[in-house]
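Peer 1:
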Amino acid sequence: MVFINSVRFYRPFWLCMQLLAPSFFKKSTGPCVRAYEVVLHVLVTAWFPLHLLLHLLLHPSPADLFKNLTMSLTCVACSLKQVAQLYRLPEIVEIESLIGQLDACIEGERELRYYQDHLLCRARRFTRCLYISFGIVYVVFLVGAFAKLFNGNRDLIYPAYFPFDWNRNQYLFGMAYGYQMFSIIVEGFQGLSNDTYSPLTLCFLSGHLHLWAIRMARLGFEEEKKETPMEQHQRLLEYIEQHKLLMRLHHLTSRTISAVQLVQLGGCGATLCIIVSYVLFFVRDFMSLVYYLVFFGVVCVQLFPSCYFASVVAEEVHRLPYAIFSSRWYDQTRGYRGDLLIFTQLTLGATNLMMRAGGLIELNLNAFFATLKMAYSLFAVVVQMKGR
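Residue 76 is where the sequence shown starts when you use the numbering used here, and the numbers rise one by one after that.
Shown next, in the form of C-alpha coordinates:
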(Lines of atoms letter the chains of each structure in order from A; the text may use other names.)
(Lines give C-alpha, C1' and ligand atoms only; values in the text may rest on other atoms or scores of the structure.)
Protein backbone atom coordinates (compact mmCIF):
# COMPACT_ATOMS: atom_id res chain seq x y z
CA MET A 76 0.00 0.00 0.00
CA VAL A 77 1.31 3.46 -0.95
CA PHE A 78 1.66 5.89 1.95
CA ILE A 79 0.57 9.27 0.61
CA ASN A 80 2.22 12.04 2.61
CA SER A 81 4.30 14.34 0.43
CA VAL A 82 4.67 16.86 3.26
CA ARG A 83 7.15 14.60 5.05
CA PHE A 84 9.81 15.56 2.50
CA TYR A 85 9.76 19.08 3.99
CA ARG A 86 10.84 17.92 7.47
CA PRO A 87 14.57 18.65 6.90
CA PHE A 88 13.58 22.10 5.60
CA TRP A 89 11.59 22.86 8.75
CA LEU A 90 14.36 21.49 10.98
CA CYS A 91 16.70 24.03 9.37
CA MET A 92 14.09 26.76 9.86
CA GLN A 93 13.76 25.87 13.55
CA LEU A 94 17.49 26.49 13.86
CA LEU A 95 17.59 29.64 11.70
CA ALA A 96 14.22 31.27 12.47
CA PRO A 97 12.86 29.83 15.74
CA SER A 98 10.72 32.93 16.38
CA PHE A 99 8.49 31.92 13.45
CA PHE A 100 7.22 28.99 15.51
CA LYS A 101 4.72 30.11 18.15
CA LYS A 102 6.19 27.82 20.83
CA SER A 103 9.50 29.74 20.69
CA THR A 104 8.86 33.48 21.07
CA GLY A 105 10.75 34.40 24.27
CA PRO A 106 13.31 37.23 24.48
CA CYS A 107 16.21 34.75 24.53
CA VAL A 108 15.02 33.21 21.28
CA ARG A 109 14.68 36.66 19.69
CA ALA A 110 18.16 37.63 20.85
CA TYR A 111 19.61 34.36 19.52
CA GLU A 112 17.97 34.95 16.14
CA VAL A 113 19.23 38.53 15.88
CA VAL A 114 22.79 37.60 16.86
CA LEU A 115 22.83 34.63 14.48
CA HIS A 116 21.70 36.62 11.46
CA VAL A 117 23.88 39.63 12.24
CA LEU A 118 27.03 37.53 12.74
CA VAL A 119 26.43 34.99 9.94
CA THR A 120 23.83 36.14 7.42
CA ALA A 121 25.08 39.74 7.32
CA TRP A 122 28.67 39.92 8.62
CA PHE A 123 30.13 36.68 7.25
CA PRO A 124 29.75 37.52 3.52
CA LEU A 125 30.58 41.15 4.30
CA HIS A 126 33.88 40.33 6.03
CA LEU A 127 34.86 38.24 3.00
CA LEU A 128 34.02 41.02 0.55
CA LEU A 129 35.83 43.66 2.61
CA HIS A 130 39.04 41.69 2.17
CA LEU A 131 38.90 42.53 -1.54
CA LEU A 132 39.56 46.17 -0.64
CA LEU A 133 42.92 45.17 0.89
CA HIS A 134 44.41 44.31 -2.54
CA PRO A 135 45.00 40.56 -1.95
CA SER A 136 47.19 38.38 -4.15
CA PRO A 137 45.51 36.80 -7.22
CA ALA A 138 45.34 33.41 -5.46
CA ASP A 139 43.73 34.92 -2.35
CA LEU A 140 41.41 36.94 -4.55
CA PHE A 141 40.02 33.88 -6.34
CA LYS A 142 39.90 31.82 -3.16
CA ASN A 143 38.00 34.61 -1.44
CA LEU A 144 35.57 35.02 -4.34
CA THR A 145 34.67 31.32 -4.44
CA MET A 146 33.23 31.56 -0.94
CA SER A 147 32.18 35.22 -0.80
CA LEU A 148 29.94 34.96 -3.89
CA THR A 149 28.41 31.74 -2.57
CA CYS A 150 27.78 33.26 0.86
CA VAL A 151 26.33 36.50 -0.51
CA ALA A 152 23.93 34.48 -2.68
CA CYS A 153 23.09 32.17 0.24
CA SER A 154 22.32 35.11 2.57
CA LEU A 155 20.17 36.87 -0.03
CA LYS A 156 18.23 33.66 -0.70
CA GLN A 157 17.79 33.11 3.02
CA VAL A 158 16.35 36.60 3.56
CA ALA A 159 13.96 36.14 0.62
CA GLN A 160 12.87 32.75 1.95
CA LEU A 161 12.32 33.95 5.52
CA TYR A 162 10.09 36.71 4.15
CA ARG A 163 7.94 34.08 2.39
CA LEU A 164 7.59 31.59 5.28
CA PRO A 165 3.82 32.19 5.80
CA GLU A 166 3.20 31.41 2.13
CA ILE A 167 5.39 28.31 2.38
CA VAL A 168 3.14 27.08 5.21
CA GLU A 169 0.11 27.54 2.94
CA ILE A 170 1.90 25.68 0.13
CA GLU A 171 2.49 22.74 2.46
CA SER A 172 -1.22 22.75 3.35
CA LEU A 173 -2.22 22.78 -0.34
CA ILE A 174 0.06 19.83 -1.10
CA GLY A 175 -1.56 17.92 1.76
CA GLN A 176 -5.05 18.66 0.36
CA LEU A 177 -3.98 17.52 -3.12
CA ASP A 178 -2.51 14.32 -1.67
CA ALA A 179 -5.97 13.55 -0.28
CA CYS A 180 -7.46 13.85 -3.80
CA ILE A 181 -5.42 10.93 -5.19
CA GLU A 182 -7.69 8.04 -6.12
CA GLY A 183 -7.55 4.93 -8.25
CA GLU A 184 -4.80 2.40 -8.94
CA ARG A 185 -3.35 4.34 -11.89
CA GLU A 186 -2.86 7.51 -9.85
CA LEU A 187 -1.37 5.60 -6.93
CA ARG A 188 1.05 3.84 -9.28
CA TYR A 189 2.13 7.15 -10.84
CA TYR A 190 2.55 8.69 -7.37
CA GLN A 191 4.76 5.83 -6.23
CA ASP A 192 6.75 5.15 -9.41
CA HIS A 193 7.28 8.72 -10.59
CA LEU A 194 6.50 11.45 -8.07
CA LEU A 195 7.96 9.75 -4.99
CA CYS A 196 10.90 8.42 -7.00
CA ARG A 197 11.80 11.91 -8.27
CA ALA A 198 11.50 13.49 -4.83
CA ARG A 199 13.64 10.78 -3.20
CA ARG A 200 16.26 10.88 -5.94
CA PHE A 201 16.61 14.65 -5.73
CA THR A 202 16.72 14.89 -1.93
CA ARG A 203 19.21 12.04 -1.59
CA CYS A 204 21.46 13.55 -4.23
CA LEU A 205 21.33 16.96 -2.51
CA TYR A 206 21.96 15.62 1.00
CA ILE A 207 24.82 13.40 -0.17
CA SER A 208 26.48 16.26 -2.07
CA PHE A 209 26.20 18.58 0.94
CA GLY A 210 27.53 15.84 3.21
CA ILE A 211 30.54 15.16 0.98
CA VAL A 212 31.48 18.82 0.58
CA TYR A 213 31.27 19.43 4.34
CA VAL A 214 33.23 16.28 5.23
CA VAL A 215 36.00 17.34 2.83
CA PHE A 216 35.84 20.90 4.19
CA LEU A 217 36.07 19.84 7.86
CA VAL A 218 38.93 17.42 7.15
CA GLY A 219 40.84 20.14 5.33
CA ALA A 220 40.09 22.77 8.00
CA PHE A 221 41.24 20.57 10.90
CA ALA A 222 44.27 19.35 8.96
CA LYS A 223 45.33 22.94 8.37
CA LEU A 224 44.81 23.75 12.05
CA PHE A 225 46.75 20.78 13.40
CA ASN A 226 49.62 21.36 10.97
CA GLY A 227 50.31 24.63 12.74
CA ASN A 228 49.38 26.72 9.71
CA ARG A 229 48.36 30.19 10.93
CA ASP A 230 46.15 31.00 7.94
CA LEU A 231 42.42 31.55 7.97
CA ILE A 232 40.12 29.15 6.16
CA TYR A 233 39.28 31.95 3.73
CA PRO A 234 41.12 35.27 3.43
CA ALA A 235 38.92 37.88 5.10
CA TYR A 236 38.83 41.18 6.97
CA PHE A 237 38.56 41.34 10.77
CA PRO A 238 38.44 44.53 12.87
CA PHE A 239 41.32 43.15 14.96
CA ASP A 240 44.77 41.77 14.21
CA TRP A 241 44.17 38.01 14.36
CA ASN A 242 47.92 37.38 13.86
CA ARG A 243 48.77 39.06 17.18
CA ASN A 244 48.28 35.96 19.33
CA GLN A 245 46.78 32.50 19.20
CA TYR A 246 43.61 33.48 21.05
CA LEU A 247 42.61 36.07 18.46
CA PHE A 248 43.54 33.62 15.71
CA GLY A 249 41.42 30.92 17.35
CA MET A 250 38.50 33.36 17.61
CA ALA A 251 38.75 34.28 13.91
CA TYR A 252 39.24 30.68 12.81
CA GLY A 253 36.38 29.40 14.98
CA TYR A 254 34.09 32.16 13.73
CA GLN A 255 34.71 31.16 10.11
CA MET A 256 34.14 27.46 10.83
CA PHE A 257 30.92 28.19 12.74
CA SER A 258 29.64 30.55 10.04
CA ILE A 259 30.34 28.11 7.21
CA ILE A 260 28.44 25.37 9.07
CA VAL A 261 25.46 27.70 9.63
CA GLU A 262 25.64 28.76 5.98
CA GLY A 263 25.39 25.06 5.17
CA PHE A 264 22.02 24.86 6.96
CA GLN A 265 20.90 27.98 5.13
CA GLY A 266 22.01 26.53 1.80
CA LEU A 267 20.29 23.23 2.53
CA SER A 268 16.98 24.96 3.27
CA ASN A 269 17.31 27.24 0.23
CA ASP A 270 18.21 24.47 -2.19
CA THR A 271 15.69 21.93 -0.90
CA TYR A 272 12.52 23.99 -1.03
CA SER A 273 12.28 25.23 -4.64
CA PRO A 274 12.99 21.97 -6.55
CA LEU A 275 10.90 19.91 -4.11
CA THR A 276 7.88 22.20 -4.43
CA LEU A 277 8.17 22.32 -8.22
CA CYS A 278 8.45 18.52 -8.26
CA PHE A 279 5.22 18.07 -6.27
CA LEU A 280 3.44 20.74 -8.30
CA SER A 281 4.31 19.00 -11.58
CA GLY A 282 3.31 15.63 -10.12
CA HIS A 283 -0.07 16.81 -8.89
CA LEU A 284 -0.76 18.56 -12.21
CA HIS A 285 -0.15 15.22 -13.94
CA LEU A 286 -2.29 13.32 -11.43
CA TRP A 287 -5.17 15.77 -11.93
CA ALA A 288 -4.87 15.32 -15.71
CA ILE A 289 -5.15 11.53 -15.27
CA ARG A 290 -8.19 12.03 -13.06
CA MET A 291 -9.84 14.46 -15.46
CA ALA A 292 -9.21 12.41 -18.61
CA ARG A 293 -10.81 9.37 -16.92
CA LEU A 294 -14.02 11.24 -16.08
CA GLY A 295 -17.02 9.53 -17.68
CA PHE A 296 -15.16 6.32 -18.57
CA GLU A 297 -15.44 4.65 -15.13
CA GLU A 298 -18.26 2.28 -15.93
CA GLU A 299 -17.77 0.36 -12.71
CA LYS A 300 -18.95 3.37 -10.68
CA LYS A 301 -22.27 3.60 -12.57
CA GLU A 302 -22.78 7.25 -11.67
CA THR A 303 -25.87 9.17 -12.70
CA PRO A 304 -25.51 12.28 -14.91
CA MET A 305 -26.09 14.41 -11.80
CA GLU A 306 -23.29 12.63 -9.91
CA GLN A 307 -20.90 12.99 -12.84
CA HIS A 308 -21.67 16.70 -13.02
CA GLN A 309 -20.94 16.96 -9.31
CA ARG A 310 -17.66 15.13 -9.83
CA LEU A 311 -16.72 17.64 -12.55
CA LEU A 312 -17.36 20.47 -10.10
CA GLU A 313 -15.10 18.70 -7.56
CA TYR A 314 -12.32 18.49 -10.14
CA ILE A 315 -12.77 22.19 -10.92
CA GLU A 316 -12.25 22.93 -7.21
CA GLN A 317 -9.11 20.76 -7.27
CA HIS A 318 -7.91 22.75 -10.28
CA LYS A 319 -8.33 25.93 -8.21
CA LEU A 320 -6.06 24.40 -5.57
CA LEU A 321 -3.48 23.61 -8.26
CA MET A 322 -3.58 27.17 -9.64
CA ARG A 323 -3.25 28.58 -6.13
CA LEU A 324 -0.27 26.28 -5.55
CA HIS A 325 1.25 27.39 -8.87
CA HIS A 326 0.79 31.07 -7.96
CA LEU A 327 2.29 30.72 -4.47
CA THR A 328 5.19 28.63 -5.75
CA SER A 329 5.98 31.26 -8.37
CA ARG A 330 5.95 34.01 -5.71
CA THR A 331 8.08 32.15 -3.18
CA ILE A 332 10.82 30.99 -5.57
CA SER A 333 11.02 34.09 -7.79
CA ALA A 334 13.65 36.10 -5.89
CA VAL A 335 15.50 32.99 -4.73
CA GLN A 336 15.93 31.67 -8.27
CA LEU A 337 17.05 35.05 -9.62
CA VAL A 338 19.88 35.09 -7.07
CA GLN A 339 20.52 31.41 -7.81
CA LEU A 340 21.01 31.92 -11.54
CA GLY A 341 23.35 34.90 -11.18
CA GLY A 342 25.26 33.50 -8.21
CA CYS A 343 25.77 30.02 -9.70
CA GLY A 344 27.03 31.40 -13.02
CA ALA A 345 29.62 33.62 -11.39
CA THR A 346 30.63 30.97 -8.83
CA LEU A 347 31.19 28.27 -11.46
CA CYS A 348 33.47 30.62 -13.38
CA ILE A 349 35.51 31.52 -10.28
CA ILE A 350 35.83 27.87 -9.17
CA VAL A 351 37.15 26.73 -12.57
CA SER A 352 39.55 29.68 -12.75
CA TYR A 353 40.90 29.06 -9.23
CA VAL A 354 41.34 25.31 -9.79
CA LEU A 355 43.16 25.75 -13.12
CA PHE A 356 45.48 28.56 -12.07
CA PHE A 357 46.14 28.25 -8.33
CA VAL A 358 45.15 24.90 -6.78
CA ARG A 359 48.16 22.62 -6.31
CA ASP A 360 47.36 20.23 -3.41
CA PHE A 361 45.11 17.19 -3.82
CA MET A 362 42.73 17.94 -0.93
CA SER A 363 41.90 21.40 -2.28
CA LEU A 364 41.41 19.94 -5.76
CA VAL A 365 38.91 17.37 -4.43
CA TYR A 366 37.11 20.02 -2.38
CA TYR A 367 36.64 22.42 -5.29
CA LEU A 368 35.63 19.68 -7.72
CA VAL A 369 32.93 18.58 -5.27
CA PHE A 370 32.04 22.23 -4.73
CA PHE A 371 31.59 22.60 -8.51
CA GLY A 372 29.24 19.60 -8.54
CA VAL A 373 27.23 20.95 -5.62
CA VAL A 374 26.71 24.29 -7.39
CA CYS A 375 25.37 22.43 -10.45
CA VAL A 376 23.11 20.33 -8.18
CA GLN A 377 21.78 23.56 -6.69
CA LEU A 378 20.81 24.95 -10.09
CA PHE A 379 19.73 22.06 -12.32
CA PRO A 380 16.75 20.55 -10.38
CA SER A 381 14.82 23.83 -10.19
CA CYS A 382 15.25 24.46 -13.91
CA TYR A 383 14.31 20.88 -14.78
CA PHE A 384 11.18 20.71 -12.62
CA ALA A 385 10.07 24.19 -13.77
CA SER A 386 10.21 22.86 -17.36
CA VAL A 387 8.12 19.85 -16.33
CA VAL A 388 5.56 22.15 -14.64
CA ALA A 389 5.24 24.22 -17.85
CA GLU A 390 4.67 21.04 -19.90
CA GLU A 391 2.02 19.75 -17.49
CA VAL A 392 0.15 23.08 -17.52
CA HIS A 393 0.03 22.95 -21.34
CA ARG A 394 -1.46 19.44 -21.22
CA LEU A 395 -4.41 20.33 -18.96
CA PRO A 396 -6.82 21.44 -21.73
CA TYR A 397 -6.11 18.22 -23.64
CA ALA A 398 -6.89 16.18 -20.51
CA ILE A 399 -10.25 17.96 -20.19
CA PHE A 400 -11.06 17.31 -23.85
CA SER A 401 -10.11 13.64 -23.42
CA SER A 402 -12.88 13.07 -20.89
CA ARG A 403 -16.28 11.64 -21.95
CA TRP A 404 -17.97 15.02 -22.18
CA TYR A 405 -19.97 14.24 -25.33
CA ASP A 406 -22.38 11.89 -23.49
CA GLN A 407 -23.15 14.34 -20.72
CA THR A 408 -25.99 16.75 -20.09
CA ARG A 409 -26.21 20.23 -21.57
CA GLY A 410 -25.41 21.87 -18.22
CA TYR A 411 -22.36 19.63 -17.84
CA ARG A 412 -21.08 20.54 -21.31
CA GLY A 413 -21.66 24.24 -20.66
CA ASP A 414 -19.61 24.17 -17.45
CA LEU A 415 -16.91 22.12 -19.19
CA LEU A 416 -16.70 24.61 -22.07
CA ILE A 417 -16.21 27.57 -19.74
CA PHE A 418 -13.68 25.60 -17.69
CA THR A 419 -11.72 24.63 -20.82
CA GLN A 420 -11.54 28.27 -21.91
CA LEU A 421 -10.15 29.19 -18.49
CA THR A 422 -7.48 26.49 -18.65
CA LEU A 423 -6.52 27.57 -22.18
CA GLY A 424 -5.87 31.05 -20.82
CA ALA A 425 -3.65 29.58 -18.09
CA THR A 426 -1.34 27.73 -20.49
CA ASN A 427 0.89 30.81 -20.67
CA LEU A 428 1.70 30.57 -16.95
CA MET A 429 5.47 30.38 -16.51
CA MET A 430 7.79 30.25 -13.55
CA ARG A 431 10.02 33.30 -13.73
CA ALA A 432 13.12 34.16 -11.73
CA GLY A 433 12.64 37.67 -10.41
CA GLY A 434 9.68 38.07 -12.75
CA LEU A 435 12.21 38.50 -15.60
CA ILE A 436 13.91 35.24 -16.58
CA GLU A 437 11.83 32.25 -17.63
CA LEU A 438 12.84 29.36 -15.39
CA ASN A 439 13.44 26.20 -17.42
CA LEU A 440 16.27 24.09 -18.82
CA ASN A 441 17.18 26.89 -21.22
CA ALA A 442 17.97 29.05 -18.18
CA PHE A 443 20.28 26.32 -16.85
CA PHE A 444 22.25 26.09 -20.11
CA ALA A 445 22.31 29.89 -20.42
CA THR A 446 23.87 30.06 -16.95
CA LEU A 447 26.56 27.56 -17.95
CA LYS A 448 27.25 29.60 -21.09
CA MET A 449 27.52 32.74 -18.95
CA ALA A 450 30.02 30.97 -16.68
CA TYR A 451 32.08 29.90 -19.69
CA SER A 452 32.03 33.45 -21.10
CA LEU A 453 33.27 34.86 -17.80
CA PHE A 454 35.96 32.18 -17.68
CA ALA A 455 37.10 33.12 -21.22
CA VAL A 456 37.42 36.74 -20.10
CA VAL A 457 39.51 35.67 -17.07
CA VAL A 458 41.81 33.58 -19.30
CA GLN A 459 42.33 36.49 -21.69
CA MET A 460 43.11 38.91 -18.87
CA LYS A 461 45.58 36.45 -17.29
CA GLY A 462 47.32 36.01 -20.66
CA ARG A 463 48.10 39.73 -20.93
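We put the CB at the ideal spot given by N, CA and C, even for glycine. This one's a predicted model, so the numbers in the text were calculated from it and none came from an experiment.
Look up ALA235 in the DSSP assignment and say whether it is helix, strand or coil.
Peer 2: Three-state DSSP puts ALA235 in coil, outside helix and strand.
Peer 1: Spell out the partners DSSP gives GLU437 in its beta bridges.
Peer 2: Per DSSP, ARG431.
Peer 1: Distance check for LEU177 and HIS318, CA to CA, integer angstroms please.
Peer 2: HIS318 and LEU177: Cα-Cα distance of roughly 10 Å.
Peer 1: Could you tell me the distance, in whole angstroms, from the CA atom of PHE225 to the CA atom of TYR252?
Peer 2: Those two C-alpha atoms are separated by around 12 Å.
Peer 1: Relative to the C-alpha of CYS196, which residue among SER81, GLU182, CYS153 and SER98 is closest?
Peer 2: Comparing Cα-Cα distances from CYS196 to each of SER81, GLU182, CYS153 and SER98, the minimum goes to SER81.
Peer 1: Starting from ASN18 and walking both ways along the alpha helix (DSSP H), at which residues does that stretch end?
Peer 2: What is shown of the chain runs 76 to 463, which leaves residue 18 out entirely.
Peer 1: Say whether the segment 119 to 130 touches the segment 266 to 274, bearing in mind that this needs 3 or more beta-carbon pairs closer than 8 Å, one atom from each stretch.
Peer 2: They do not touch, by the three-pair rule.
Peer 1: Sort GLY282, ALA398, ALA288 and CYS348 by Cα distance to SER452 and report the nearest one.
Peer 2: Here the closest residue by C-alpha is CYS348.
Peer 1: Does the separation of the CB atoms of THR331 and GLU171 fall below 7 Å?
Peer 2: Not in contact: THR331 and GLU171 (Cβ atoms no closer than 7 Å).
Peer 1: Within its chain, find whatever has a CB closer than 6 Å to the CB of ILE432; leave out the 5 residues flanking it on each side and keep chain order.
Peer 2: For clarity, residue 432 is Ala in the given sequence; the question names Ile instead. Only GLN336, LEU337, LEU340 and LEU438 meet the Cβ criterion.
Peer 1: Examine the Cβ distances between the segment 149 to 169 and the segment 103 to 123 and report whether three or more of them are shorter than 8 Å.
Peer 2: Yes: at least three Cβ pairs fall under 8 Å.
Peer 1: Could you give the DSSP three-state label for GLU391: helix, strand or coil?
Peer 2: Helix.
Peer 1: Start and end of the alpha helix (DSSP H) containing GLY344?
Peer 2: It spans 304 to 356 - the alpha helix (DSSP H) in which GLY344 sits, taken as one unbroken run.
Peer 1: Can you tell which of PHE379, LEU421 and VAL387 has the C-alpha that lies nearest to the C-alpha of ALA442?
Peer 2: The option with the nearest alpha carbon to ALA442 is PHE379.
Peer 1: Could you work out which residue in HIS193, TYR213 and SER329 is closest to ILE259 when comparing CA atoms only?
Peer 2: Of the listed residues, the one whose Cα sits closest to ILE259 is TYR213.
Peer 1: Counting C-beta neighbours from all protein chains within 10 Å, is the total for LEU312 16 or more, i.e. buried, or is it exposed?
Peer 2: Counting Cβ neighbours within 10 Å, LEU312 comes out exposed, since fewer than 16 surround it.
Peer 1: Just to confirm, are LEU148 and THR446 a CB contact at a threshold of 7 Å?
Peer 2: No. Outside cutoff.
Peer 1: Excluding the 5 residues flanking LEU416 on each side, which residues of the same chain have their C-beta closer than 8 Å to its C-beta?
Peer 2: If we look at LEU416 and ignore the five residues flanking it on each side, it has no Cβ neighbours.
Peer 1: Are the segment 133 to 144 and the segment 349 to 364 in contact at 8 Å, needing three or more beta carbon pairs?
Peer 2: Output reads yes: the segment 349 to 364 touches the segment 133 to 144.
Peer 1: Can the beta-carbon of LEU440 be found closer than 7 Å to that of CYS375?
Peer 2: No; because the gap between Cβ atoms is not below 7 Å, this pair is not in contact.
Peer 1: Using DSSP with H/G/I as helix, E/B as strand and the rest coil, what is SER402?
Peer 2: The answer is coil: DSSP assigns SER402 none of H, G, I, E or B.
Peer 1: Assuming TYR272 is part of the alpha helix (DSSP H), what are its boundary residues?
Peer 2: Start and end: 245 to 292.
Peer 1: Excluding five sequence neighbours on each side, which residues of the same chain lie with their C-beta closer than 8 Å to the C-beta of TYR411?
Peer 2: Counting only Cβ-Cβ distances below 8 Å, and skipping sequence neighbours, we find PRO304, GLN307, HIS308, LEU311 and TRP404.
Peer 1: Between the alpha carbons of THR408 and PHE418, how many angstroms are there, rounded?
Peer 2: One C-alpha to the other measures close to 15 Å.
Peer 1: Whole angstroms is fine: what's the gap from VAL373's alpha carbon to SER208's?
Peer 2: C-alpha separation (whole angstroms): 6 Å.
Peer 1: With H, G and I counted as helix, E and B as strand and the rest as coil, what does DSSP make of ILE79?
Peer 2: In the structure shown, ILE79 sits in coil (DSSP, three-state: anything other than H, G, I, E or B).
Peer 1: Among MET430, TYR85, ARG83 and LEU133, whose alpha-carbon lies nearest the alpha-carbon of THR328?
Peer 2: Checked all of MET430, TYR85, ARG83 and LEU133; the closest Cα to THR328 is MET430.
Peer 1: Between which residues of its own chain and GLY282 is the CB-CB distance below 6 Å, once the five residues before and five after are set aside?
Peer 2: LEU194, listed in sequence order.
Peer 1: If you measure between the beta carbons of PHE264 and LEU164, is that distance less than 7 Å?
Peer 2: No, the pair does not count as a contact, with Cβ atoms beyond the cut-off.
Peer 1: Please work out which residues of its chain come closer than 7 Å, Cβ to Cβ, to ILE79, disregarding the five sequence neighbours upstream and downstream, and give them in chain order.
Peer 2: The residues are ASP178, ILE181 and TYR190.
Peer 1: What residue from ALA385, GLU390 and LEU423 has the CA that sits closest to ILE399's CA?
Peer 2: Here the closest residue by C-alpha is LEU423.
Peer 1: Between which two residues does the alpha helix (DSSP H) harbouring GLU184 extend?
Peer 2: Its alpha helix (DSSP H) spans residues 184 to 189.
Peer 1: Start and end of the alpha helix (DSSP H) containing VAL114?
Peer 2: Counting along the chain, the alpha helix (DSSP H) containing VAL114 begins and ends at 106 to 115.
Peer 1: Please state whether DSSP places ARG86 in a helix, a strand or coil.
Peer 2: Helix.
Peer 1: Can you grab the Cα-Cα spacing for the pair ARG290 / GLU302, in whole Å?
Peer 2: Approximately 15 Å, taken between the alpha carbons.
Peer 1: Considering Cα atoms alone, identify which of GLU262, ILE232 and LEU247 is closest to LEU115.
Peer 2: It is GLU262.
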